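Going by mature numbering (1 follows the signal peptide of the UniProt record, and there is no 0), the letters in the sequence shown line up with residues -22 to -1, 1 to 830, in that order.
Every residue gets a Cβ at the ideal spot worked out from N, C-alpha and C, and that includes glycine.
Note that the structure is predicted; figures quoted are calculated from it, not measured.
Below is one structure, written out as structure tokens; comments come after it.
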Amino acid sequence: MVRQNWILLAVVGAVLIYEASGLNCVVCNSQEANCVDGSKPSEACTNGETSCYLRTNGANINRGCLTDAQPDCPAVEGSTCIKCTSDDCNNQQLKWPQCHKCATTDATCSDAQTGAGSFCTNYISANKCYERFSAGKVERGCQSDLPAAANNPCEGNDQCIACDGNNCNSDEGRVFQETTCVQCDTSNDADGKCLDGSAAATKCVEMSGGKCYSRIIANGVLERGCSGKLTPVEVTACTGTTCAICTEDNGCNKGIFPADRLQCHQCKKADSASCSDELTTEVNSKICSIYQADDKCYSRVKDDQSFDRGCQSNLPANEKSCNGLANCFECDGKNCNSLSEQTLKDSTKCQRCTSDDAGCLAGTAPVQSCGQTGDSCFVRINNDGKLERDCLSTLKTDDEKVKCNSDTDKTCIACTEAGCNNQKWLKCHKCKGGACKDEQAGEGEHCTNYKESDKCYERFLDGTDVDRGCESDLDPATENVCVANQQCKTCDVDSCNNDVSTAFLETKCVQCKSSEDADGSCLKGTKAEEICAVPDGKCYSRIIAGGVLERGCRSALTAQEQTACTGEQCNLCGDVGCNKGVFPENRLLCYQCQSTDDASCSNELTGDAKAGLCKIWKADDKCYSRVTAALNFERGCQSDLGDNANVCDALNDCLECDGKNCNSLSEQKLKNRAKCLKCDSEDTSCVDATSEIVSANCDNVEDSCFVRVNNGKLERNCLNTLGEADQAKCKDANDQSCVTCTGQGCNVEKWIKCHQCKESSSSTCNAEQVDANAQFCPKYKVDNQCYERLESEKVVRGCSNDLSEAACTNNLECRTCAESACNKAAANSLKTNQRCLQCSTASDDGGLCLAG
């Protein structure tokens, strides 16, 4: 009970205290956590205080509650204390800044400041720290501590920085010191002073903190300037050979940059004859104006025999100094291109390149000068595994030169003739062990040793382990690594030893030609496979000259033939006896027999008893059945008759067709099959169907014949040669634009030609017509005729069957005829004397009848 009363009294007391004050403030000093930034929780003021405050004594700050009886803390800015009257108003809303403070008399003030600074003496809400040079000395402090007139501590002082944030004025003095740097770029450098680094330093506009830079920008241009011009990212990235920031002294970015920039003799004989002499002074020596890390000096005699020297980098983008020029010398090093024009012409010439260049790999790169006489050429595989061709004098050590000149060491080959280092150095896959059995991807490696007519190999050792490499690298080198090893293969093309290991196990393939095929097993693909003399795991089938089928082992083909073995007529395969079966797969199958050997050949055939593959392969081959001139019946393949044979030439009973065993019809059906005239009016014999046009077999045995006029041309043929729509027109009894019949050679109908015109629409229709202008009548009619007549005194000509009635009904000035082009008379011959004036003066209002 006592405890409960005590708690009650405490609560009541707290309420009375709160009611007495009613204000909450942060109460603390800067020795306590969270006091400096004002994040400490507030508490109730207990003595009737009416304000909160924040103040400093220079070393510390205090926050708390304030009564009206303490007038030394104003509510306005500018003193060591500031008060406010709302709850929690002296919390994080009020922050008293800290700045580094030191005077010009302090020798350490110019150094970078560490740790925390001091609280500013006076409070203003927009306070700043500053650091500045004053009379050549550094001072630091708070804006609020300056005289009231100094609203901007940096006004009128370029060597000054004002900043927000506690202790932000900590920089080393040089950061806000006036900076002078060389400011230029070599793309605008008429006097060359930017390039050689002798240009005068000028004052930086940007705050650069005593730092200057030099860097290489796009297109090899040198740029110098003040570090304040660079972005933060560029400053961070400014390292290495092509960008540098310096702080040693104002104008520190002078001098040659980069330090390894090449310097070459640069001149033209056309400008100065002395340019072609050997140069021993630096009169013509200049720094290369475009920077390239791998730049070179050159001397050369060009195609037009002009002589010049210079830097590779100064040439146009697509020009190489020695591109194809024999009298040309490239070199590294200051003024290395000093040799005379005559020495250049007399100097040793070698291929100078690495296998990064395809021409170098093949040994076809152009030769270049070695820069001296009496030199030698060499070719070798260098330590990077690259093929290298160059002048012996370029080798750095005597040991390297001795290797190249050795008769026994084949890792480097030296020679003395111009361009002699053009040897083809083979590349092979090299491996042993498990993964070596797999097919090898990509390119192989250069053989370690050189050997003329070198070869790559792949082989089984003891029938299990696979080994690949170069013959020249075997110890001792051998002429034929595959001697006495049937599970081995050699080849002489770069990286050719890449087959999966099964490719050089024992290989079995069908090996034959259809031209030497007594039992037909080669043609049918049933012949037994045989062991290949040189195993490589693959077989082939191909069509060779004369349409002959050849099957065999891939190793028997040349490298060129192997590469070309693609498509329908050549195929490579990789299993034992894989080149069996019919080849090509679409080879034609026809019935093949003669009635003189087998009377049943004349019957309708079914099944495959008399069927056989066509022996000679031809892409557009056909089957045939025919009655020969000797009246014998035979069937077969068109290709078997020879290249120029025409199966049905001058034969009336003959059929050619496409498709397996399509020549199955009997001899009798062949003789009875539809035959039609096949011609058009471009052949004059076709118009009248004279005996000169012989009927010919239709492809469809039970076909019909037709005759029609199509686009002004008369056509005779088998009905099945037309499309479906045209066939329907021909079969329509009411459509006389086409006529059909079913007897052999029945399509002999005479189709008349007539002149067809009207004087009302053709000015030439009234004149006598030319036979050649007559046209076939659009429709057929037996005994059709042409007509010509006057209608309203104008000539009309045409075909009688185009009219609904007889042409000359009720027309005395009309004439019909039955021969082609017969309606050609001039208009005046159609006029008759049976014309009379018919009128009466009794009704002759105009007097025309009386006047006659």
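Might you give, ordered along the chain, the residues of its own chain that have their beta carbon closer than 6 Å to the beta carbon of residue i, omitting 5 neighbours on each side?
i, result
"Val773", "Glu737, Cys743, Asn744 and Ala805"
"Leu535", "none"
"Asp368", "Arg330"
"Cys716", "Phe684, Arg686, Lys707 and Cys708"
"Ser519", "Arg529, Asn549, Asn557 and Phe561"
"Lys312", "Gln241"
"Cys221", "Arg193"
From the DSSP output, read off the bridge partner residues of residue i.
i, result
"Tyr108", "Gly119 and Ala140"
"Arg767", "Val774 and Cys792"
"Tyr569", "Ala589"
"Asn695", "Phe684"
"Ile223", "Tyr191"
"Glu612", "Gln572 and Arg604"
Let me know the secondary structure DSSP gives residue i once reduced to three states.
i, result
"Asn2", "strand"
"Thr584", "coil"
"Asp324", "helix"
"Asp286", "strand"
"Asp163", "strand"
"Leu373", "coil"
"Cys253", "helix"
"Gly525", "helix"
"Cys348", "coil"
"Gln71", "coil"
"Asp658", "strand"
"Asp445", "strand"
"Ala22", "strand"
"Thr332", "strand"
"Glu508", "strand"
"Ser96", "strand"
"Glu634", "strand"
"Ala392", "strand"
"Gly824", "coil"
Given residue i, which residues of its chain have a CB within under 8 Å of its CB, disregarding the five upstream and five downstream residues?
i, result
"Lys467", "Tyr435, Glu436, Arg437, Cys460, Asn475, Asp477, Ala481, Phe482, Val512, Pro513, Asp514 and Ser533"
"Gly302", "Pro344"
"Ala542", "Cys548"
"Asp324", "Thr351"
"Cys664", "Leu655, Cys657, Asp658, Ile671, Leu692 and Arg694"
"Lys247", "Cys253, Ser254, Ser284, Phe285, Asp286 and Glu319"
"Leu826", "Cys817"
Distance check for residue j and residue i, CA to CA, integer angstroms please.
i, j, result
"Val760", "Arg767", "22 Å"
"Cys120", "Asn35", "15 Å"
"Gly525", "Trp595", "5 Å"
"residue 836", "Val625", "Because residue 836 is not part of the residues shown, which for the chain are -22 to 830, the question remains open."
"Cys640", "Ala608", "24 Å"
"Lys649", "Ser739", "53 Å"
"Ala127", "Cys80", "At Ala127, the pLDDT of 48 sits below 50, so the modelled position is not reliable and the matter cannot be decided from this model."
"Gly(-1)", "Gln48", "19 Å"
"Lys415", "Ser493", "39 Å"
"Asp713", "Lys757", "8 Å"
"Gly16", "Glu10", "11 Å"
"Lys364", "Ser333", "6 Å"
"Thr164", "Gly198", "9 Å"
"Cys348", "Gly218", "33 Å"
"Gly690", "Gly721", "26 Å"
"Ala462", "Val554", "23 Å"
"Ile521", "Thr504", "17 Å"
"Ala829", "Ser821", "13 Å"
Between residue i and residue j, how many whole angstroms is the CB-CB distance? I'm expecting something under 8 Å.
i, j, result
"Ser299", "Glu308", "6 Å"
"Cys531", "Gln489", "7 Å"
"residue 863", "Thr794", "Nothing in the structure corresponds to residue 863, since the chain is present only between -22 and 830."
"Asn292", "Cys266", "6 Å"
"residue 836", "Asn145", "The question about residue 836 has no answer here: the residues shown for the chain are numbered -22 through 830."
"Asn361", "Thr389", "Actually they are not in contact, since the Cβ atoms of Asn361 and Thr389 sit about 11 Å apart, beyond 8 Å."
"Asn262", "Gln290", "Actually they are not in contact, since the Cβ atoms of Asn262 and Gln290 sit about 16 Å apart, beyond 8 Å."
"Thr82", "Glu117", "5 Å"
Looking only at its own chain, which residues have a Cβ that is under 7 Å from the Cβ of residue i, when we skip the five neighbours before and after it?
i, result
"Gly614", "Cys568, Gln570 and Tyr602"
"Cys182", "Thr157, Thr158, Cys159, Cys204 and Gly206"
"Asp376", "none"
Give a yes or no on whether the minimum CB-CB distance between residue i and chain B is below 8 Å.
i, result
"Tyr569", "Given the protein chain composition of this structure (a single chain), no chain B is represented."
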